[in-house]
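> Could you have a look at this structure, given as structure tokens, before my questions?
Structure (structure tokens):
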């Protein structure tokens, strides 16, 4: 695995863990701000910070109507739906349903790019979706089918955006692009919040304010920026695999801090989602490692191939190699031959001969 790839994997892993705090923090923050306003505040504050630290040239290159619209839909639209779903279902349900994101990303990527996944990957998709069915079939602890449906709808929007994001990141600064898309999300959610939710009330406790601050920094600034960095260096399918860290953190927080039930049905659904994620992403990880090893072990051209040429030979004689000759025959150099012997040119050689010889010497 190359250094660049290791950094991408580390960034994606950190993003997945940080995203695990999103559902619990959103549940707390929704005690003060309704879904639309929470989206406006969350992405508005994050955009302000990133626009301040991003390069001016990167921001100018990313500040286009297309990229603003992508942020409005991919971040703003998806998170408004997710917030509305979280407000209507339990933390554990929402976190585990979001755990199906790698499967949805892989399916969308396969349909969009017309690629065919391996049978083991499709088996993983089926297992994860069965786990989603088990979780949504359960109830209790504040869970509701309507809230689950909204979370799943947000998941579909987010997965489609993740696949499209790979092309938008090409040749652009990930931080600047993320800042512009956050701005688009906040601007799009603002009229929705004003029209449907009115003016938000003052916070009822310091805890809800801290939850909004944590959601902005830990649940938004950190993971989205790191994910954009990692995705700019790996495929969308592989990047999507790191979403599987989010449900683990969120589900545990739901059980420990919100008193959500963890009955056999929820545990079976969670196990199915995680097992399906493993089945569907192993081929992607293995494929990336094989490609890395293939590049690393590819034989480099030997310098002797170019310099073991008799000085007086014609151009055709110098570059032609008998078809039956072994590699050792082609590259062998007498042990006693000095470098000067290999590349020296007779004094009587014409200028053309000397230039011709140097043309095949690196």
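Residue numbers (the numbering used here): 4 to 365. Glycine included, C-beta positions come from ideal geometry on N, C-alpha and C. Computed from a predicted structure; not experimentally measured.
1) Could you work out which residue in 112, 18, 49 and 217 is closest to residue 180 when comparing CA atoms only?
2) Taking the alpha-carbon of residue 14 as reference, which of 254, 248 and 53 has the nearest alpha-carbon?
3) Would you kindly work out how many angstroms separate the C-alpha atoms of residue 133 and residue 252, rounded to a whole number?
4) Would you kindly work out how many angstroms separate the C-alpha atoms of residue 32 and residue 213, rounded to a whole number?
5) Is it buried or exposed, residue 1, if we count other Cβ atoms within 10 angstroms and call 16 or more buried?
6) Using DSSP with H/G/I as helix, E/B as strand and the rest coil, what is residue 227?
7) Under three-state DSSP, which class holds residue 105?
8) With a floor of 4 residues, list each alpha helix (DSSP H) that falls wholly inside the segment 19-66, ordered by position along the chain.
9) Around the Cβ of residue 341, are there at least 16 other Cβ atoms within 10 angstroms (buried) or fewer (exposed)?
10) How about residue 366 and residue 157: do their beta carbons lie closer than 7 Å?
11) Is the number of C-beta pairs between the segment 35-48 and the segment 159-167 that are closer than 8 Å three or more?
12) When we look at the beta-carbon of residue 57 and count the other beta-carbons within 10 Å, is it buried (16 or more) or exposed?
13) Let's see if you can read the secondary structure: which residues bound the alpha helix (DSSP H) around residue 205?
14) My output table needs one value for residue 7: the three-state DSSP class, helix, strand or coil.
15) In angstroms, rounded to a whole number, what distance separates the CA positions of residue 43 and residue 114?
16) Hey, is the segment 71-85 in contact with the segment 176-190, meaning 3+ C-beta pairs nearer than 8 Å?
17) CA-CA distance, residue 123 and residue 282?
18) Which of the three DSSP states, helix, strand or coil, is assigned to residue 293?
19) Check this for me: beta carbons of residue 103 and residue 276, under 7 Å apart or not?
20) Check whether the segment 219-238 and the segment 17-30 are in contact - that is, three or more C-beta pairs closer than 8 Å.
21) Residue ranges of each alpha helix (DSSP H) run of no fewer than 4 residues wholly in the segment 119-197, ordered along the chain?
22) Would you mind sorting residue 19 into buried or exposed? The rule is 16 or more other CB atoms within 10 Å of its CB.
23) Among 5, 23, 7 and 11, whose alpha-carbon lies nearest the alpha-carbon of residue 257?
24) For residue 131, which of 250, 264, 148 and 261 has the nearest alpha-carbon?
Walking through what the data contain:
1) In the chain shown, counting from the first residue as 1, residue 180 sits at position 177. The candidate whose alpha carbon is nearest that of residue 180 is 49.
2) Within the chain shown, the letter at position 11 stands for residue 14. Taking only the C-alpha atoms, the option nearest residue 14 is 248.
3) Position 130 of the chain shown, counted from the first residue, corresponds to residue 133. Position 249 of the chain shown, counted from the first residue, corresponds to residue 252. Taking the straight line from one Cα to the other gives about 21 Å.
4) Stepping through the chain shown from its first residue, residue 32 is reached at position 29. Stepping through the chain shown from its first residue, residue 213 is reached at position 210. Cα to Cα, residue 32 sits roughly 8 Å from residue 213.
5) Beyond the ends of the chain as shown, which are 4 and 365, falls residue 1; an answer cannot be given.
6) In the chain shown, counting from the first residue as 1, residue 227 sits at position 224. Note: residue 227 maps to helix in three-state DSSP.
7) Here residue 105 refers to the residue found at position 102 when the chain shown is read from its first residue. Note: residue 105 maps to helix in three-state DSSP.
8) 25-32, 38-56 and 59-65
9) Here residue 341 is taken as the residue at index 338 of the chain shown, counted from 1. The predicted position of residue 341 is uncertain, since its pLDDT is 45 and thus under 50; a value taken from the coordinates is nonetheless stated next. Looking at its Cβ environment, which holds fewer than 16 other Cβ atoms inside 10 Å, residue 341 is exposed.
10) Because the chain is modelled from 4 through 365, residue 366 falls outside the range shown and cannot be assessed.
11) no
12) In the chain shown, residue 57 corresponds to position 54, counting from 1. Counting Cβ neighbours within 10 Å, residue 57 comes out buried, since at least 16 surround it.
13) Along the chain shown, one-based indexing puts residue 205 at 202. Neither: residue 205 is in no alpha helix (DSSP H) and is coded neither H nor E.
14) Here residue 7 refers to the residue found at position 4 when the chain shown is read from its first residue. It is helical.
15) Taking the chain shown and counting its residues from 1, the one referred to as residue 43 is at position 40. Taking the chain shown and counting its residues from 1, the one referred to as residue 114 is at position 111. Straight-line Cα distance between these residues: approximately 32 Å.
16) yes
17) Taking the first residue of the chain shown as 1, we reach residue 123 at position 120. Taking the first residue of the chain shown as 1, we reach residue 282 at position 279. Answer to the nearest angstrom: the Cα atoms are 6 Å apart.
18) In the chain shown, residue 293 corresponds to position 290, counting from 1. Here residue 293 scores only 49 on pLDDT, less than 50, and its place in the model should not be relied on; the value that follows carries that caveat. Residue state, collapsed to three classes: helix.
19) What you label residue 103 is simply residue 100 of the chain shown in a count that begins at 1. What you label residue 276 is simply residue 273 of the chain shown in a count that begins at 1. Contact flag set, yes.
20) yes
21) 122-140 and 148-172
22) Position 16 of the chain shown, counting from 1, holds the residue named residue 19. Residue 19 is buried by the Cβ-count criterion.
23) In the chain shown, counting from the first residue as 1, residue 257 sits at position 254. Ranking the options by Cα distance to residue 257, first place goes to 23.
24) Counted from its first residue, the chain shown places residue 131 at position 128. Among 250, 264, 148 and 261, the Cα nearest to that of residue 131 is on 250.
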